[in-house]
Every structure is written in C-alpha cells, then in structure tokens.
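Asks: Have a look at this one before I ask anything.
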Amino acid sequence: MSADSPLGRVRLALRLARRELRGGVAGFRVLLFCLFLGVGAIAAIGSLDRTAEGGITADAKAILGGDAEARLLYRPADAAAARFLAASGRLSRVVALRAMARRQDGKAQSLIELKAVDATYPLYGKVTLSPGMPLAAALARHPQPDPPPHAGKGREGVGGLYGAVVEGAVLDRLGLKLGDRIEIGGEAFVLRARIEREPDQSFGGLIFGPSVIISDKALAGTGLIAPGALVAYKYRLRLPQGDAAGWIATARARFPEAGWQLRTAADAAPALRRLLARVALYLRLVGLTALLVGGVGIANAVRSHLAQQTPTIAALKCLGAENRLILGAYLAQVLALAAAAIAAALACGAFLTWAALPFLDRLLPIPLAPAFYPGALAEAALLGLLTTLAFALWPLAGIRGVPAAALFRDTVDPARRQVPLWAAAATAAAALGLAALVVLGTGDRRAALYFVAGLAAAFVLFAAAGRLVVAAARHLPRPRRPALRLAIANLSRPGAPTVGVVTSLGIGLSVLIAIALIEGNIARVVEERLPREAPAYFFIDIQPSQLAGFEEIVRRIPGARWREVPMLRARITRLNGVPASEAKVAPGVRWALDSDRGLTYAARLPHGSTLAAGKWWPPDYKGPPLVSFAADLAHGMGLKIGDTISVNLLGREITARVANLRHIEWARLGINFVLVFAPGTLEPAPQTHLAVVYLPAAGEARLVREVGAHFPNVSAIGVREALAAVARVLATIGIAVRLAALVTVIAGTLVLGGAVAAGHRRRVYDAVVLKVLGATRGAVARAFLFEQAILGLLVAAVASLFGSFAGWVVVTRLMEADWVFLPAPLAMTAALATLLALSFGFVGTWAALGAKPAPYLRNG
Numbered sequence: 046m047s048a049d050s051p052l053g054r055v056r057l058a059l060r061l062a063r064r065e066l067r068g069g070v071a072g073f074r075v076l077l078f079c080l081f082l083g084v085g086a087i088a089a090i091g092s093l094d095r096t097a098e099g100g101i102t103a104d105a106k107a108i109l110g111g112d113a114e115a116r117l118l119y120r121p122a123d124a125a126a127a128r129f130l131a132a133s134g135r136l137s138r139v140v141a142l143r144a145m146a147r148r149q150d151g152k153a154q155s156l157i158e159l160k161a162v163d164a165t166y167p168l169y170g171k172v173t174l175s176p177g178m179p180l181a182a183a184l185a186r187h188p189q190p191d192p193p194p195h196a197g198k199g200r201e202g203v204g205g206l207y208g209a210v211v212e213g214a215v216l217d218r219l220g221l222k223l224g225d226r227i228e229i230g231g232e233a234f235v236l237r238a239r240i241e242r243e244p245d246q247s248f249g250g251l252i253f254g255p256s257v258i259i260s261d262k263a264l265a266g267t268g269l270i271a272p273g274a275l276v277a278y279k280y281r282l283r284l285p286q287g288d289a290a291g292w293i294a295t296a297r298a299r300f301p302e303a304g305w306q307l308r309t310a311a312d313a314a315p316a317l318r319r320l321l322a323r324v325a326l327y328l329r330l331v332g333l334t335a336l337l338v339g340g341v342g343i344a345n346a347v348r349s350h351l352a353q354q355t356p357t358i359a360a361l362k363c364l365g366a367e368n369r370l371i372l373g374a375y376l377a378q379v380l381a382l383a384a385a386a387i388a389a390a391l392a393c394g395a396f397l398t399w400a401a402l403p404f405l406d407r408l409l410p411i412p413l414a415p416a417f418y419p420g421a422l423a424e425a426a427l428l429g430l431l432t433t434l435a436f437a438l439w440p441l442a443g444i445r446g447v448p449a450a451a452l453f454r455d456t457v458d459p460a461r462r463q464v465p466l467w468a469a470a471a472t473a474a475a476a477l478g479l480a481a482l483v484v485l486g487t488g489d490r491r492a493a494l495y496f497v498a499g500l501a502a503a504f505v506l507f508a509a510a511g512r513l514v515v516a517a518a519r520h521l522p523r524p525r526r527p528a529l530r531l532a533i534a535n536l537s538r539p540g541a542p543t544v545g546v547v548t549s550l551g552i553g554l555s556v557l558i559a560i561a562l563i564e565g566n567i568a569r570v571v572e573e574r575l576p577r578e579a580p581a582y583f584f585i586d587i588q589p590s591q592l593a594g595f596e597e598i599v600r601r602i603p604g605a606r607w608r609e610v611p612m613l614r615a616r617i618t619r620l621n622g623v624p625a626s627e628a629k630v631a632p633g634v635r636w637a638l639d640s641d642r643g644l645t646y647a648a649r650l651p652h653g654s655t656l657a658a659g660k661w662w663p664p665d666y667k668g669p670p671l672v673s674f675a676a677d678l679a680h681g682m683g684l685k686i687g688d689t690i691s692v693n694l695l696g697r698e699i700t701a702r703v704a705n706l707r708h709i710e711w712a713r714l715g716i717n718f719v720l721v722f723a724p725g726t727l728e729p730a731p732q733t734h735l736a737v738v739y740l741p742a743a744g745e746a747r748l749v750r751e752v753g754a755h756f757p758n759v760s761a762i763g764v765r766e767a768l769a770a771v772a773r774v775l776a777t778i779g780i781a782v783r784l785a786a787l788v789t790v791i792a793g794t795l796v797l798g799g800a801v802a803a804g805h806r807r808r809v810y811d812a813v814v815l816k817v818l819g820a821t822r823g824a825v826a827r828a829f830l831f832e833q834a835i836l837g838l839l840v841a842a843v844a845s846l847f848g849s850f851a852g853w854v855v856v857t858r859l860m861e862a863d864w865v866f867l868p869a870p871l872a873m874t875a876a877l878a879t880l881l882a883l884s885f886g887f888v889g890t891w892a893a894l895g896a897k898p899a900p901y902l903r904n905g
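Every position in the sequence shown, counted from 1, becomes a number in our numbering once 45 is added.
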C-alpha cells in the first residue's frame, strides 16, 4: 500500500503516534487526570441516578401501596364510592394523620406520623419488624396482665390492649423500650416491635415525626377522628387485570365529583422522584463543570507536550513530513490517551454505583439493585471525547502554520501560532455538540440551557479577566525590587499560564465561595433572625370547641402569646376553567397543583404578607367568592387579577376570583397560606384551627404537656423539630453540593499543577540564565515564589468577585432573602488559592533550581 494514499498516511500517522507513546505519558498526566475525574464523576452520577430511578420503578407498587390509589382528605369515601372500590379488586384502606404519642406517666411526648391499617395491608411489599413477627400479630389486641401503677386512662377492657409498631426514634424520644405502653389520643397501646422497613414510607417531603402503625380497629378509640381533622384516607387497590390507567378513567367517569386524588404505580413517590431528579441534575451539571474546567488542563497539557516535542516536529518538517501527517500523529496520540482515561473513568464510575449502595440503602426507603447502565456510561464517554476535541484541536492545529526554522527558535522566541479556519470550525462544532448533549440529555432542559449559557459566559469572563491580568502586568511600572519585578514580568511573558490558571482555578474557587456565602447567609437567618421572630410551636387540629380552653392554657404561661386561624385543605382543580392537569404552568410551580394545599379565610391581610397587586377586600365583605393568591405562584401559573381559581373542598368545587396577589415572608415562620379566601365562603365547612404560640423556652415543656393532657387530639409541631425535618430533607443535597464543589476545585488544582509542570522547561531555562548572570539561588527562588503568590491572590480576587455575585443572585433572587456580605469565606478562599499556588510553585521552583546549567548552555 502506497504511503501517499489516504489509508497509508493514516497508518503512518498511527505508527508515529505509537512510537511517541513508547516514550511515556509524563507530559499528559494532567490530561489523563482531568478526563478521569470529570468523566468518572459524570458516569457515577448517571449510574446512581438510573439505579435510584430503577429502584423506584421496580418497587413502584409497593411504594404506592397498590396498582392504584384513591386519596381523600378529611372524609372517607361515601357508600357508593366504597362499593365501587370494593368491587374493583383487592382493597386496602389506610388512614394517615399526625398525632402526639405520650408516655403514660406524662413525662414525655412526641409528634408522630400515625398510620392505621386494615388486615389486607400491605397489598405489595412487606413491613419488616424487629423482632420478626407478622404485622397482624403485632397490631392485634392481646390480653394484658395487671397494668402498672402509673398506667393511665387507656381502655384495656376484657380483650386487653392493641399493639403498635414504631420507628426506633419513638423509643428514643420517649425513653421507652419494647413492651412498654404509649398513649395516642385517648387510647393506650403496647409497643410490640420496631419498624425496620416500611414499603410505603413517605419520603421527599417534610416528615415531622417518626412513623407509628396501628390497627384500623383501634383508631376509633383514640378520638382523633373529628370534623375538620387533617386526616387522609388512602384506598389502595390490587387490580385483577392490572390496568390501573383504565380503572382511573372508569373511576373519574363514574364519580366526577368525588374530589379524590387518583394515582397509579407509575406516579408513585412523586416527591422522592423530584428530589432525586434535582440532586441528580445538580450533580451532573457540576460534574460537567469539573470536566470543562479540566478541559483547560487538557489544552495546557497538549500545548506543553507540543512545546517539548518542538525539535521532533521541526525535524519531521525538515525531512518533508506534511502538516497533515504531523497533526494526525499527535491527534491520534491524544485520542489514544483520552480513550484510556475515559475507559478507566467509566470503570470507576460503574464501580462507585456498587460502592455507594450501603449508604443509599440507609438513606432511601426503596431496595436498590445495582446494574450496568450502558446509556449512562456511553453518555459520559461521549462528553469526555467532545471535551477532548474541543480543547485539544486548537493547540494541535496551531503547529501547522509554523515553519521549521521558527520551531528551532521556539524556546527563546516562541512563534505565533495561526490556527486554520477548519480547526476553529471543528472546535466550535465539538463545543456545540457538547452543549447539545448536555441540554438534550437532561430532564430539565431549561435549567440545562441556562447552565450551559452561564458556564460559557463564565469561561469568557474568566478568560477576559486572565488577559486583563496579563495586560496589567505588562504595563505596570516595574518595582525596584528585582525579585518582585521579575515575578510581575513572568505573568505576561510569552507562554505564561496566567489565563488558563485564572480561568480554571477561578471557576472552581468561585463555586466554593458561592456555596460558603449562601450557607453563611442561611445560617445567619437561622441563628440571628429566628430567635427574635420565630414561634416556639405550631398546634394543629384544634377543634372550634377547644379554642377557649386552649387560650386559657396559653394565658397561664408567663410571656406566652398566640395567634390562631381556621385551617382547611383543598386541591386546586382548575385555573381559569382549565383542569389543573392540563394547565400550562412553569415547571417550578407544578408542585402546587400536584397535591392538597392549606387554605384559610381572613378579613384582614395576614401578618407576614404584603400586597403585590390588587386590593384587599373590606373587613365586612359579603359577596361572590374572592381569593388572595401567592404572587410567585401566580406568576408561574400565568394568573392575574380577575382570573379564577377552582378548588375541591370535601367533594365540593368552589370557584373564586383572584382579588389580589401577595408576597409572603415564609422565613418568618408565622402563619401564612398560599390561598386566603374572603369571608363568607368557607365558614360552613368542617374545619379545625391552627395556632402559633410565642413563648420563652422555659415554658415550652409545660405548654406541650398541658395541651396534651387536656386535648389529646391536638398535635404540637416544634419549630426546632420542623427545622430538623427540613434539614433532613436537605442533608443529602448539602453533602452533594460540597462534594461537587470539591470535585470542581480538584479539577482546577490539577490544571494549576499542570500549568506549573508545563512551564517547568521554561522555568529551568530562566533559572539557568539568571544564575549565569549572577543571580543567587535565593533571589531566583523568591522571584518564582512571588510570581505564584501574585497569581494566587489574583485568582482569589477574581473568584471572590464572581463567587460573591453568584451567591448574591441565589440568596436574593432565588431564595428571596436578605443578603449580608461575609468576609470570612472570602478570606479563607484567598488563603486557599494562595496556598495552592505557592505549594505548586514551590515544587516547580525547587526542581528548576536543582537543574545543572551545563546541558542547557551547551544546547543553547
């Protein structure tokens, strides 16, 4: 085969590349590490995301509790609906509500998530108990020995007490053990077992208390079921034919006004799915950030390798080698190394799925089975390949236009690389392909598009900042101190890594700064604002007849004050007459239509709200239904003053006109609702009251104890307990944020190390020349270290600016909170950047100063 044929040239280029690789990959270590880190992170995140989604899908029926579920709030199904449900398949009814569990001696109490189940529960899956026993046996009424002397008012009767199974947190909070008794409402229960796994456990929302399961036969004795009490009735079905979608269509046609929420197993765990999707999206995008930051290291590694191979390239050109052959040889070499790094990263990412299972199994209420996901790995590999091409083609193509004679002088007089048009087009195509793959491969394409645009802007801005630093260093007056003068000059010398280091390390540090400032501002709200403004407790399910007695208890406690409002829950069914399921709303507000919403009625504007549009109704308003709506949700749903909202309340659909929109200060933790109706519409409906109590910490235990003793049906939610529930939901995200930021900083650090390594040859040459000219070893070392310190401080300054801006946007725009500048995170970041630069600079300087001058002088 002729060497002049296309295939012959390809074979020759591959042979040259193979011979180059025999000399080792020392110059490409940064390329290998950056690709391994970025591709490995993306592969692991994609595999874990698919593992979790696969676990939910495989266990969807157990998570939902059946093939289909009909959920009603406040009331059970009427006789006709109950007959239809019973005739549809195997039926299980679960009653869920919040309640207070108390020791019989009254010394401790705890908020719980109570679930009363029938004999057919669970239809799918299994409740795992410790010690192991059937659930029915654990919940049954058993004869009891004589009660202990401190036994309370639980009704033993001839048949004894019912049993209860609880999560371990109940035992810890109440200081009890299995075999002891607790009171729930007006009924006493024996603690027979601890819940190890609950197939239909709630997850992804705010779970304020540990789970307790009792028999539905025991529920009536608790006295918790009262008009207006916040109770959910869930009817789960195991359908004979398994056609859940067909059954739902039939149910809606037969009972159009039932007011129930119908779901299939395909809709199981929507809150968990949303949470996992958000975490996966964030981690995937930050993994991509690490990969692209490492792309700067790839470009530096290729450029450094080409600089080291300058004599070889010059010799090849002098011997008649075509530019295409040289470019092909080095491109093949880069792609071969990239393929090796990507393969190792994919193997590591797939392995991490198995390694993370023990942690995820404790965190998620679903069984996870690891598997090999070719799609996730292929996507990560393609991202790595496109990143390699986008960052490597440019420096590779630059060598084409440099004549051989110029290459021989490259050490002291670097030639200007003219990148051909085809290389620019190919680089742009790789970058666009990378962006398209990110956007099209992400569930939330809008967020991905914003991310791509923001990251592109960040690269442009940081690169511009780096060039500004170079220009400033070139035009600044030279200081008298030789070491400092040389350090500043080195920032703008030909081949200086200033732009690359500012871009890559700056983006990584900006992420750290933004996260630190966001967390600092949130902590400031919790630590400084909440103690002054936050209530101590929320009390729910207060019956109207209990208000006077509740107020009397509060008034007896010194320093206590309280507010109460009527509370109901309803589901938004229509927006301007369009069914909620068909309405076009922003993805960020869809959650408000997916489940029930709390609502109330008020004559005056609630505390913690300000009008954003419209006017408040008169205190004595009497007329057609009016509603006040949250302004941010209205914007996302396309609602304005005069539009209509329909809600289903206890099976009755109520349509109200939007009279005004409100900004709500949720951070004050007061009483506020998305929906507030005008007087005259909701008063006849069964309802309970929600009370918020402000009092000194010393009176909290007494308040909860007295309310529990007089009103067993009333549940107390402590603010600290509520904040702990929020913290539990956000814990995974917080860990992911910090780990992802660390990955990005590691990528930036690799680029910094690569930049130092890439400049080692030039640094050794400079050190030799300076020492020959009479400079002492200490003076040279100081000059080089000054250079690295200045570079580190400049990176810290740029990262502080952009990181602070990003944190300000998140806190003020997304979280709608007050912003306070916190200097401590900035100072820590400046110290980190300077330390990294000095550390790598010291290593590079020490190696350069140890080089022998003779070889360099003979070659010069």
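All C-beta atoms in this analysis are idealised placements derived from N, C-alpha and C, irrespective of residue type, glycine included. Quick caveat: nothing in here was measured; it's all calculated off a predicted structure.
Where does leucine 678 land, buried or exposed, given buried means 16+ other C-beta within 10 angstroms?
Replies: By the neighbour-count rule (16 or more Cβ atoms within 10 Å), leucine 678 is buried.
Asks: By the DSSP assignment, the beta strand (DSSP E) with valine 276 in it spans what residues?
Replies: Segment 276-283, the beta strand (DSSP E) holding valine 276.
Asks: Go ahead and pull the three-state DSSP assignment for tryptophan 607.
Replies: Residue state, collapsed to three classes: strand.
Asks: Consult DSSP for alanine 89 and reduce its assignment to one of helix, strand or coil.
Replies: DSSP places alanine 89 in helix when its eight states are reduced to three.
Asks: Could you check what DSSP says for glycine 197 in three-state terms: helix, strand or coil?
Replies: Low per-residue confidence applies at glycine 197: pLDDT is 46, beneath 50, and the placement is therefore not dependable enough to give any value.
Asks: Which term fits alanine 909, buried or exposed, when burial requires 16 or more other beta carbons within 10 angstroms of its beta carbon?
Replies: No statement about residue 909 is possible, as the shown extent of the chain runs from 46 to 905 and does not include it.
Asks: Among the residues of its own chain, which have a CB less than 7 Å from the CB of aspartate 688, if the five just before and after it don't count?
Replies: So the list reads Asn621, Val703, once near-sequence residues are dropped.
Asks: Are the beta-carbon atoms of aspartate 641 and serine 760 separated by less than 8 Å?
Replies: Their beta carbons are not under 8 Å apart, which means aspartate 641 does not touch serine 760 by this criterion.
Asks: Kindly indicate which three-state DSSP category alanine 498 falls into: helix, strand or coil?
Replies: Helix at alanine 498.
Asks: I'd like the span of the alpha helix (DSSP H) that includes glycine 151, first residue to last.
Replies: No alpha helix (DSSP H) contains glycine 151, which DSSP labels as neither H nor E.
Asks: For the structure I just gave you, are there three or more beta carbon pairs, one from the region 217-232 and one from the region 112-131, closer than 8 Å?
Replies: Too few Cβ pairs lie closer than 8 Å, so no.
Asks: Less than 6 Å between C-beta atoms, sequence neighbours within five positions excluded: which residues of the same chain meet that for glycine 224?
Replies: Taken in chain order, the list of residues that qualify is empty.
Asks: Helix or strand or just coil, what does DSSP make of leucine 720?
Replies: The answer is strand: DSSP assigns leucine 720 an E or B state.
Asks: Of all the options Leu431, Ala869, Gly304, which has the alpha carbon lying nearest to the alpha carbon of tyrosine 119?
Replies: Closest option to tyrosine 119, Cα to Cα, is Gly304.
Asks: How many whole angstroms separate the CB atoms of aspartate 112 and alanine 400, which I take to be in contact at a CB cut-off of 8 Å?
Replies: Not quite, the Cβ-Cβ distance comes to about 35 Å (not below 8 Å), so this is no contact.
Asks: Over what stretch of residues does the alpha helix (DSSP H) that includes glycine 291 continue unbroken?
Replies: Element bounds for glycine 291: 289-299.
Asks: In terms of alpha-carbon separation, which member of Lys660, Met682, Phe722 lies closest to proline 669?
Replies: For the residues Lys660, Met682, Phe722, the minimum Cα distance to proline 669 belongs to Phe722.
Asks: Helix, strand or coil for proline 624 per DSSP?
Replies: DSSP places proline 624 in strand when its eight states are reduced to three.
Asks: Taking alanine 105 as the reference, give the member of Ala86, Arg116, Val547, Thr309 with the closest Cα.
Replies: For alanine 105, the nearest C-alpha among the options comes from Thr309.
Asks: Grab the span of the alpha helix (DSSP H) containing phenylalanine 436 for me, first residue to last.
Replies: It spans 419-442 - the alpha helix (DSSP H) in which phenylalanine 436 sits, taken as one unbroken run.
Asks: Terminal residues of the continuous beta strand (DSSP E) containing valine 856?
Replies: First-last for valine 856: undefined, no H or E at that position.
Asks: Smallest Cα separation from alanine 437: which of Glu302, Pro244, Met612, Gly340?
Replies: For the residues Glu302, Pro244, Met612, Gly340, the minimum Cα distance to alanine 437 belongs to Gly340.
Asks: Just list the residues that DSSP pairs histidine 734 with in beta bridges.
Replies: DSSP lists Ile587, Pro611 as partners of histidine 734.
Asks: Please list, in chain order, all residues of the same chain as glycine 536 whose beta carbon is under 6 Å from its beta carbon, the five residues on each side excluded.
Replies: The question names glycine, but residue 536 in the sequence shown is leucine. Around leucine 536: Ala518, Thr543.
Asks: If you follow the alpha helix (DSSP H) that asparagine 368 is part of, which residue opens it and which one closes it?
Replies: 368-400 is the extent of the alpha helix (DSSP H) around asparagine 368.
Asks: Terminal residues of the continuous alpha helix (DSSP H) containing glycine 231?
Replies: Segment: none, glycine 231 is in no alpha helix (DSSP H) and carries neither H nor E.
Asks: Kindly indicate which residue of Leu684, Ala834, Leu77, Pro870 has the alpha-carbon position closest to the one of alanine 389.
Replies: Ranking the options by Cα distance to alanine 389, first place goes to Leu77.
Asks: List the endpoints of the continuous beta strand (DSSP E) containing threonine 821.
Replies: Premise fails: threonine 821 is in no beta strand (DSSP E) and is neither H nor E.
Asks: Assuming proline 870 contacts leucine 562 under a Cβ cut-off of 8 Å, what Cβ separation, rounded to an integer in Å, is found between them?
Replies: Contact holds; Cβ gap of about 6 Å.
Asks: Can you tell me whether leucine 740 is helix, strand or coil according to DSSP?
Replies: Here leucine 740 sits in coil by DSSP.
Asks: For glycine 643, which beta-bridge partners are listed by DSSP?
Replies: Partner(s): Arg614.
Asks: To the nearest angstrom, report how far apart arginine 299 and lysine 667 are at their CA atoms.
Replies: Distance between the alpha carbons of arginine 299 and lysine 667: 36 Å.
Asks: Could you tell me the boundaries of the alpha helix (DSSP H) in which glutamate 243 lies?
Replies: It is not in any alpha helix (DSSP H) - glutamate 243 carries neither H nor E in the DSSP assignment.
Asks: Can you check which of these residues, Gly488, Thr487, Ala435, Val483, is closest to alanine 470 by C-alpha distance?
Replies: The option with the nearest alpha carbon to alanine 470 is Ala435.
Asks: By Cβ distance below 7 Å, which residues in the same chain neighbour alanine 168 in space, the five residues on each side in sequence not counted?
Replies: It is worth fixing the name first, because residue 168 is leucine in this sequence and not alanine. So the qualifying residues of the chain are Gly110, Gly111, Arg135, Ser137, Arg281, Arg283.
Asks: When you compare each of Gly99, Leu846, Phe674 to histidine 708 by their alpha carbons, which one comes out closest?
Replies: Nearest C-alpha to histidine 708: Phe674.
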